[in-house]
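Presented below is the structure to which this report refers.
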Amino acid sequence: MTPGILLAVAGICLVAGIAVALRFARAWLCLTLAGCAAALGACAWVLAGGGTWELKTAFPVGGEALRLQFDGLSAFFMALISVLGGAGAAYAREYWPDSRHPHSAATGRAWWSLMLLCMGAVLVAANGLQFLVAWELFTVSAYFLITRERQRREVRAAGWLYLAASHAGTLCLFGFFALLAARTGSWALGPMRGQPELAPLFWLVLAGFGVKAGFFPLHIWLPSAHATAPSHVSAILSGAAIKMGIYGIVRFGGWLPVPAAAGWTVAAVGAASAVLGVAFALAQHDLKRLLAYHSVENIGIILLGVGFGLVAARTQAPWGQFALAGGLLHIWNHGLFKALLFLGAGSVLHATGTREMSRLGGLWQKMPWTAACFGLGAAAIAGLPPLNGFVSEWLVYLGFFDAVSARGTAAWAAIPGAVLLAVTGALALACFVKVCGVVFLGLPRSAAAERAHENGRWMRAPMLALGAACVAIGLAPLFFWPAVARATEVWGPARADAGCPASLGILGAANVAIAAVALLGAAALWRRVRRNGLRRAVTWDCGYAAPTARMQYTAGSFAATITEWFEWILCRERTARPPEGLFPRSAGRREHTPETVLDRMVRPAAAGVMAVSAAARRLQHGRLQAYILYVVLALAALGLLAAAGGVR
Amino acid sequence: MTADLNLLAVMEGASRLVACLLLAPLLPGIINKVKAWVAGRRGPPVAQLYYDLARLWRKGVVLSTAVSPAHVAGPAVAWVALVAAAVLLPAGSGAALSFQGDALLFIYLLALARFATAIAALDTGSAFEGMGAAREVSYAVLAEAALITALLALAVHSGSVSLASMLVPSAGAGSALLAAGLFTVLLAENCRVPFDDPNTHLELTMIHEAMVLDHSGPPLAAILHGAALKLLLFSVLLTEAVLPIGKLEPLPAAAALAGGVLATAVGAGLVESLLARFAFRRVPLLLTTAFLLCLFALLAAWKGGGL
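These protein sequence lines are chains A and B, in that order.
According to my numbering, the stretch in the first sequence is residues 408 to 1055, in order.
According to my numbering, the stretch in the second sequence is residues 76 to 382, in order.
In structure tokens:
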């Protein structure tokens, strides 16, 4: 079978899935899983074997002949989408069942299939118009997935913000494709690096796809949408949907000539997203909102790699390949561990009914599987060896260090790049120590957390699968390298091919050794503890007689030192009721971190626009006399102008 | 550069690692001896930590009722990560395992150890341990920035990303700056005065010791040995960054390395005797200074034009 047939099978399965989604949940799940498996097969075919699958028909879609193209880069992204699409579909069976959500579950399944289908269509589209149609359908189906619980006000607000932001981005894309078609005379997409006059269009690409990718400061829609969507939707939004923005930037950064400043801009935006994303994440108290800000951070890391790839492509420097490969591999890695974390957060939400971290705690006792999977994902996202996050960050670092050693102009950017990446890594570690500690360890902080229960196998299996994928990429990076190499190869600008870094295999072996020895060490230590004798007692609390769960360190206190460093951008709002009198009855302290860009910049600007529009609207009130007055005034003004200018 | 996997190299690497593991507990002993001398006391024997480790290894364990398996797994993972870092760090000429980019693995192994220790600390649900873990991961942000800058300086100077080649020459013009920066990072990462006080018994003022309050028996032994090993790693890194040890003959190299590590330990002891612990709000300031020192070392290496 060729990739074409597999893709057709995948498409047919998904379309059939839409047809049966409303009535037959089980058939839908089978069809979706089959479709995802077929698509994954097609991706494996192209990524392992190479080559590009193309389809040119005379069949018109949107007034243009249908043209499809499936190359290494498309396959790279589609592989991620199929894995997460399948995992999310299986997870939803238990997480969002018909019994608890009689209406929204069924329609949600249909939108899920449609979104997967449209994301696939975006990846294979080779015609500007068809790309736009698929893109718009994908955006809208994501909106309906986000707003599954439309009866809640915050969900409606988040959905509206998402829709507005997405369409601002789509507007840029309309401009981009229209200008592209006007300058090239055709809607067909493909490599056109020989036309330097197209270079300025890259800025439209960056803005348009940047909104979807959610880098700082275009991320305003991302936290609330990810936080309020059902968790399997958050998982695919964060894991795959925002990667479509990256796909656009990478795709058109490769196909079109780019301006000289493009690489620097992308890298700078990436660095800002990485550091600020994790800073905002540290200040959150809502588990899913925190994970959403980590998406901003990881998009930043990806863009750091891609940006340096673009910079290096101009000078044919070999180190750029490492940075680019690291950035691309991080797309997979982030997709895997972030989806895992969102599914874990969904399990917590499902079991306790709250996303508020200060109400959780000690969940490992009730939900050991979820806790273990979440812990694995946390270690992976913090970039710790021997897991996958480390491998991609290591590749990006390698690009930076080689750039610094090469001592070009790029070295001046690579030095802050490497330092900021290290700072980001350390901050992410701090943040995930906080999350794991507050949510899963210690003692339950509320009755809801005490009543938690482990979830069934339909929710556990996808998490285990994603966790296994994280471990696999960490332990056997060489096995996955050909896929990354294929994607960088078709990416574009011809340049010196640096090949696989020779030490990647050794890194993989070192990771295997570390993992094995760590497991052995833990087992040996546990055996020793058992042999020496084991006694249980309450946690030592400085001799205090009656420790309670509320005396535990909170998420806010844990992050306080770091969030203070970022106070200049976090702009936290605090209200406090200090204890008063000799025997104070009550006291309280509330802290809230607003979305600074949205609340301090976009909202005031929007309010200004609304004020001006409202004032302008007053001119139109339906009173005929006033309209006649406008006409007279306009005529008089014209007459004055003519008189002043002198009529010839 | 590929890993050399012949038998002799493996034997040499293994013996080096064993020496590392065996000698590490000496360093805290030396520091304590220096502190005792300065204070005019006799102090505990240099080998005190060996006795402690042996005693702890045989002792029973009291576990909190709140803890998960991570409480025991954490110290084990942290210890393994530090041992793996020791494998990567060259002692004299050539490390047991060396490849392009191992310097980054080294840094991230330290991060893994930090993650495991902090998770094990939070596992108890104790506010004190939460405090310690929060301080540890917060200050590590700045320490890691300084450390990566130091490695960038070495990479610029040697044109390599492999510790074995990066540490062969001395750091050149910026040596003094780099030494000062790395020494500050060493004090911070190993919980010495002025960042932390390893002797205090007041939890509110501690970082590392607060994190291990609830550990006992063999897990505590793993933590203490890991801490000593980390101190040794940083001392070796500092010594090799400053002295061109890789260019010497094996015997003088070993002597120079031992001398450098000893000097570092004595230096840490003297700092501990002569300085008081800083208030926590001044810690970031000092770590930023360390970062700037490493940054200037990087600029000096850049200007120095490499080898």
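Ideal placement from N, C-alpha and C gives every residue a C-beta, glycine not left out.
Note that the coordinates shown come from a computational prediction; the quantities given were computed from them, not determined experimentally.
Within the model, the alpha-carbon separation for S291/B versus R984/A is close to 40 Å. Interface with chain A (8 Å Cβ-Cβ cutoff): K134/B is included.
N274/B is classed as exposed because its beta carbon has fewer than 16 other beta carbons within 10 Å across all chains shown. If you draw a straight line from the Cα of L770/A to the Cα of G495/A, it comes to about 23 Å.
The stretch 736-755 of chain A makes no contact with the stretch 822-829 of chain A: fewer than 3 CB pairs, one atom from each, lie closer than 8 Å.
When Cβ-Cβ separations below 8 Å define contact, A817/A makes no contact with chain B. A Cβ of chain B is located within less than 8 Å of the beta carbon of T946/A.
Cβ-Cβ separation between F258/B and L313/B: approximately 6 Å, consistent with a contact (criterion under 8 Å). Closer than 7 Å at the C-beta level to chain B, one finds these residues of the stretch 790-802 of chain A: G790, L791, P792, F797, W801. DSSP places H639/A in the helix class (H, G or I) of the three-state scheme.
The residue from S910/A, E543/A, L748/A with its alpha-carbon nearest to that of P869/A is L748/A. With fewer than 16 other Cβ atoms inside 10 Å of its own Cβ, G601/A counts as exposed. Counting along the chain, the unbroken alpha helix (DSSP H) around G881/A starts and ends at 864-882. Between the alpha carbons of A719/A and Q728/A lies a distance of about 8 Å. Here F583/A is buried. Its C-beta has 16 or more other C-beta atoms within 10 Å. Inter-residue distance for T364/B and A255/B is about 10 Å (C-alpha atoms, whole angstroms). C-alpha of W972/A to C-alpha of L836/A: approximately 16 Å in a straight line. Fully enclosed alpha helix (DSSP H) runs of no fewer than 4 residues occupy 283-286, 292-317 of the stretch 269-347 of chain B, in order along the chain. Taking 8 Å as the cut-off, the beta carbon of W947/A is found no closer than this to the beta carbon of R867/A.
Counting along the chain, F729/A sits inside the alpha helix (DSSP H) bounded by residues 726-759. With the criterion set as a beta carbon lying under 7 Å from some beta carbon of chain A, the members of the stretch 266-295 of chain B are E278, L288, D289, G292, P293, P294, in sequence order. Neighbours of S964/A in chain B, taken as residues at a C-beta separation under 9 Å, are given in chain order as A202, G205, M206, A209. Shortest Cα-Cα distance from L307/B to any of A228/B, E347/B, A340/B involves A340/B. At least one CB of chain B lies nearer than 8 Å to the CB of P908/A. Between the alpha carbons of A329/B and A925/A lies a gap of roughly 30 Å.
Residues of chain B whose Cβ lies closer than 8 Å to the Cβ of V842/A do not exist, since the nearest Cβ in that chain is about 10 Å away. Annotated as distal: Q123/B and G135/B, with beta-carbon spacing of 8 Å or more.
Close to chain B, meaning a Cβ-Cβ distance shorter than 7 Å, are the following residues of the stretch 920-942 of chain A: I921, V924, A925, G928, A929, L932, W933, R935, V936, N939, G940, L941, R942. With the criterion set as a beta carbon lying under 7 Å from some beta carbon of chain A, the members of the stretch 218-229 of chain B are E219, A220, I223, T224, L227, in sequence order. The C-beta separation of A218/B from V268/B comes to about 16 Å, leaving the pair out of contact by the 8 Å criterion. For A255/B, no beta strand (DSSP E) segment is defined; the enclosing uninterrupted segment is the alpha helix (DSSP H) at 250-264. When DSSP states are grouped into helix, strand and coil, L605/A belongs to the helix group. The straight-line gap separating the alpha-carbon atoms of L299/B and L128/B is approximately 8 Å. For E998/A, the CB contacts under 7 Å within the same chain, skipping 5 residues up- and downstream, are G963, R979, R981 in chain order. Against chain A, a Cβ distance below 8 Å from I106/B picks out nothing, because the smallest value is about 26 Å. Contact of A786/A with chain B by beta-carbon distance below 7 Å involves F190.
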